[in-house]
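Notes follow the structure.
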Amino acid sequence: MARVQLKSLEKVYGKFKAVHGIDLEIEDGEFMVLVGPSGCAKSTTLRMIAGLERISGGEIRIGDDLVNDKPPGQRGIAMVFQNYALYPHMKVKNNLSFGLRLKHAPKAEIAASTEEVSHILEIEDYLERLPKQLSGGQAQRVAVGRALIKKPQVFLFDEPLSNLDAKLRASMRVRITDLHKQLLAEGMHSTVVYVTHDQTEAMTMGNRICVMKEGRIMQVADPFTLYRKPANAFVAGFIGSPEMNIGDATLVDGNKLRIGTQTFTIDDKARARIDKDAPSEVTFGVRPQHFTVVDQNAEEGLLGRISHVEFMGHEVYLYITVEDQSFIVVVPATGIERQYLRDDAIRIMPQEDALHIFHRRTGENISLSA
2 MARVQLKSLE
12 KVYGKFKAVH
22 GIDLEIEDGE
32 FMVLVGPSGC
42 AKSTTLRMIA
52 GLERISGGEI
62 RIGDDLVNDK
72 PPGQRGIAMV
82 FQNYALYPHM
92 KVKNNLSFGL
102 RLKHAPKAEI
112 AASTEEVSHI
122 LEIEDYLERL
132 PKQLSGGQAQ
142 RVAVGRALIK
152 KPQVFLFDEP
162 LSNLDAKLRA
172 SMRVRITDLH
182 KQLLAEGMHS
192 TVVYVTHDQT
202 EAMTMGNRIC
212 VMKEGRIMQV
222 ADPFTLYRKP
232 ANAFVAGFIG
242 SPEMNIGDAT
252 LVDGNKLRIG
262 TQTFTIDDKA
272 RARIDKDAPS
282 EVTFGVRPQH
292 FTVVDQNAEE
302 GLLGRISHVE
312 FMGHEVYLYI
322 TVEDQSFIVV
332 VPATGIERQY
342 LRDDAIRIMP
352 QEDALHIFHR
362 RTGENISLSA
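The sequence shown begins at 2 in the working numbering and counts up one residue at a time.
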């Protein structure tokens with residue numbers, strides 16, 4: 002079993018509390034991504050799981066073992082770092098096999114394992130090279146291979162793709178997720194805990210995603226749930242590109258939303274989801290893809306003016322000012338040159354069931370009550 006359990010986990014540096022008693026269960030064979038902005042303690046949490054940082058409180062269990070005081074080498078983990086951490090004086094084949102040689106594994110086992118791992122990661126042609134002779138993508142594959150060859154219970158990845166260009170990051174995302182699926186298919190239920198600040202990596206790689214902020218867990222869910230049902234305004238604003246439109250509004254008579262001086266009726270589905278005890282002063286959220294452009298003379302919707310237009314190929318970003326608030330609206334690119342121009346007046350309306358209402362003080366999504 003490679004289940005990972007964090008119970009009331011804390012980390013304190015002097016008077017500064019970096020991790021605030023988090024609880025997280027990662028299932029056997031799961032690909033869990035820890036994501037959040039810089040300084041949210043996601044890497045600190047990973048390093049505590051690895052045994053590279055001592056915990057200040059709580060428990061860490063890997064499988065059935067309490068590992069709080071166990072050194073990294075006895076935790077059944079393997080870690081891939083951001084900077085690859087390859088030995089510069091060793092050829093690739095020796096970097097791959099270093100862990101096995103430390104354990105005094107038989108030469109035949111070392112040779113067979115090195116061949117198997119290099120084949121899986123398609124690095125057979127690089128075995129006689131030194132790390133300085135590798136590209137960034139090649140070096141990262143060697144780093145993954147060095148972890149894979151140990152056949153650990155848990156793989157820990159600490160922002161492993163951040164030093165690669167966009168094209169390489171995309172291809173490595175696929176390689177790592179495919180490798181995990183292959184291991185599962187072969188009966189090796191290795192659990193993955195993957196740290197990143199890149200929401201694209203998180204959304205495309207994780208079975209579930211743990212969103213963190215300032216040493217606290219904001220929400221743990223699958224990518225679809227995070228996108229469609231964010232638990233709070235922080236998750237709503239962090240997940241999604243372009244980011245969700247979020248601003249201040251007033252609930253009027255329980256079925257209307259006033260933004261500035263403009264008011265529109267909330268659809269029945271959204272109204273049914275809103276907490277009946279919700280305060281009148283709220284924060285609203287609508288994703289850029291979930292607005293519809295309606296007729297300027299329509300009675301419902303928000304009337305504004307286009308301040309900027311960005312052509313992105315298959316779609317267009319419209320930057321719209323509605324009184325003193327700014328919105329981004331994503332529309333299909335078809336006919337954009339003829340339909341929407343800078344300084345044009347435009348009226349937009351949230352799509353049915355796409356409006357989120359947040360408690361202005363706590364940030365809680367109060368439109369998920371039903």
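Glycine included, C-beta positions come from ideal geometry on N, C-alpha and C.
Are the CB atoms of residue j and residue i within a distance shorter than 8 Å?
| i | j | result |
| --- | --- | --- |
| Phe-32 | Gly-241 | no |
| Gln-352 | Thr-293 | yes |
| Ile-347 | Ile-307 | yes |
| Leu-165 | Gln-141 | yes |
| Ala-30 | Thr-192 | Residue identity differs from the one stated: residue 30 is Gly in this sequence, not Ala. Contact: yes. |
| Ala-79 | Ala-42 | no |
| Gly-3 | His-190 | It should be noted that the sequence gives Ala, not Gly, for residue 3. Cβ atoms of Ala-3 and His-190: closer than 8 Å. |
| Gly-37 | Met-213 | yes |
| Gln-154 | Ile-210 | no |
| Leu-87 | Ile-150 | no |
| Ile-56 | Lys-12 | yes |
| Phe-235 | Gly-364 | yes |
| Arg-147 | Phe-99 | yes |
| Gln-139 | Ile-124 | yes |
| Ala-250 | Val-287 | no |
| Ala-203 | Gln-220 | no |
| Thr-205 | Arg-174 | yes |
| Arg-361 | His-309 | no |
Restricting to Cα atoms, I'd like to know which of the options is closest to residue i.
| i | options | result |
| --- | --- | --- |
| Glu-60 | Val-81, Ser-39, Asp-24 | Asp-24 |
| Val-145 | Gln-83, Leu-53, Glu-187, Thr-197 | Gln-83 |
| Phe-285 | Gly-261, Asn-298, Tyr-14, Gln-297 | Gly-261 |
| Asp-276 | Ile-349, Ala-299, Ile-321, Leu-369 | Leu-369 |
| Pro-132 | Ala-299, His-105, Tyr-85 | Tyr-85 |
| His-90 | Pro-107, Glu-110, Glu-129, Pro-72 | Glu-129 |
| Val-93 | Leu-122, Asp-70, Arg-76 | Leu-122 |
| Ile-27 | Phe-17, Gly-40, Asp-65, Lys-16 | Asp-65 |
| Pro-388 | Ala-232, Asn-233, Ile-358, Ser-327 | Beyond the ends of the chain as shown, which are 2 and 371, falls residue 388; an answer cannot be given. |
| His-21 | Val-34, Thr-45, His-291, Val-5 | Thr-45 |
| Pro-243 | Ile-321, Ala-171, Ser-327, Gln-290 | Gln-290 |
| Val-194 | Asp-354, Gly-305, Asp-159, Gly-314 | Asp-159 |
| Glu-54 | Asp-278, Tyr-14, Phe-328, Ala-112 | Tyr-14 |
| Asp-325 | Gln-263, Lys-270, Gly-74, Ser-114 | Gln-263 |
| Phe-239 | Thr-201, Ala-109, Gln-6, Glu-116 | Thr-201 |
| Ala-273 | Asp-354, Gly-74, Leu-35 | Asp-354 |
| Ser-163 | Asp-199, Ser-136, Gly-188, Glu-187 | Asp-199 |
| Ala-112 | Ile-321, Asn-95, Tyr-127 | Asn-95 |
| Pro-73 | Phe-156, Glu-116, Lys-16, Ser-39 | Phe-156 |
| Thr-115 | Ala-271, Lys-152, Asp-278 | Lys-152 |
| Ile-329 | Gly-314, Gly-305, Glu-215 | Gly-305 |
| Phe-17 | Gly-216, Tyr-127, Ala-334 | Gly-216 |
| Asp-296 | Pro-161, Ser-39, Asp-345 | Asp-345 |
| Ser-327 | Met-245, Glu-110, His-360 | Met-245 |
| Val-34 | Ile-218, Ala-109, Met-313 | Ile-218 |
| Thr-335 | Val-323, Leu-258, Gly-314, Thr-322 | Gly-314 |
| Val-323 | Ala-271, Leu-67, Arg-259 | Arg-259 |
What are the partner residues of residue i, as DSSP defines its beta bridges?
| i | result |
| --- | --- |
| Tyr-85 | Partner(s): none; Tyr-85 has no beta bridge. |
| Met-213 | Ile-218 |
| Met-80 | Leu-157 |
| Val-118 | DSSP output for Val-118 lists no bridge partner at all. |
| Val-331 | Tyr-318 |
| Asn-246 | Val-287 |
| Tyr-14 | Phe-17 |
| Lys-257 | Val-253, Thr-266 |
| Leu-7 | Leu-25, Ile-61 |
| Phe-359 | Thr-284, Asn-366 |
| Gln-326 | Val-323 |
Since residue i and residue j are thought to touch, with beta carbons under 8 Å apart, how far apart are those beta carbons, to the nearest angstrom?
| i | j | result |
| --- | --- | --- |
| Leu-303 | Phe-265 | 7 Å |
| Glu-97 | Val-81 | With the sequence shown as reference, residue 97 is identified as Leu, and Glu is not the correct amino acid for it. Rounded, the Cβ-Cβ distance is 13 Å, inconsistent with contact. |
| Leu-356 | Ile-247 | Actually they do not touch by this definition, with Cβ atoms about 12 Å apart. |
| Val-332 | Glu-316 | 7 Å |
| Met-350 | Glu-300 | The Cβ separation is near 11 Å, so there is no contact. |
What are the boundary residues of the alpha helix (DSSP H) that includes residue i?
| i | result |
| --- | --- |
| Gly-100 | 93 to 103 |
| Tyr-127 | Note, Tyr-127: premise wrong, no alpha helix (DSSP H); not H, not E. |
| Arg-348 | Unbroken run through Arg-348 is the beta strand (DSSP E), 346 to 351; no alpha helix (DSSP H). |
| Tyr-341 | Tyr-341 -> no alpha helix (DSSP H), and no H or E assigned at all. |
| Arg-176 | 167 to 186 |
| Glu-202 | 200 to 206 |
| Gly-146 | 137 to 149 |
Does the beta carbon of residue i fall short of 7 Å from some heavy atom of the ligand ATP?
| i | result |
| --- | --- |
| Ser-327 | Summarising the ligand content, the structure contains no ligands, and the ligand ATP is consequently not present. |
Specify, as a first and last residue, the run of the beta strand (DSSP E) that residue i falls within.
| i | result |
| --- | --- |
| Ala-309 | A small correction: the amino acid at residue 309 is His; Ala does not occupy that position in the sequence shown. Start and end: 303 to 312. |
| Ile-377 | The structure shown does not extend to residue 377, since the chain is modelled only from 2 to 371, so the question has no answer here. |
| Val-68 | Looking at the DSSP string, Val-68 is not in any beta strand (DSSP E), and its letter there is neither H nor E. |
| Thr-293 | 292 to 295 |
| Thr-197 | 192 to 197 |
| Gln-75 | Looking at the DSSP string, Gln-75 is not in any beta strand (DSSP E), and its letter there is neither H nor E. |
| Ile-275 | Counting along the chain, Ile-275 falls outside any beta strand (DSSP E), and DSSP gives it neither H nor E. |
| Arg-35 | Sequence inspection shows Leu at residue 35; the Arg mentioned does not correspond to that position. It spans 32 to 36 - the beta strand (DSSP E) in which Leu-35 sits, taken as one unbroken run. |
Does any residue of chain C bring its CB to less than 8 Å from the CB of residue i?
| i | result |
| --- | --- |
| Glu-215 | No chain C appears in the structure shown, which is made up of a single protein chain. |
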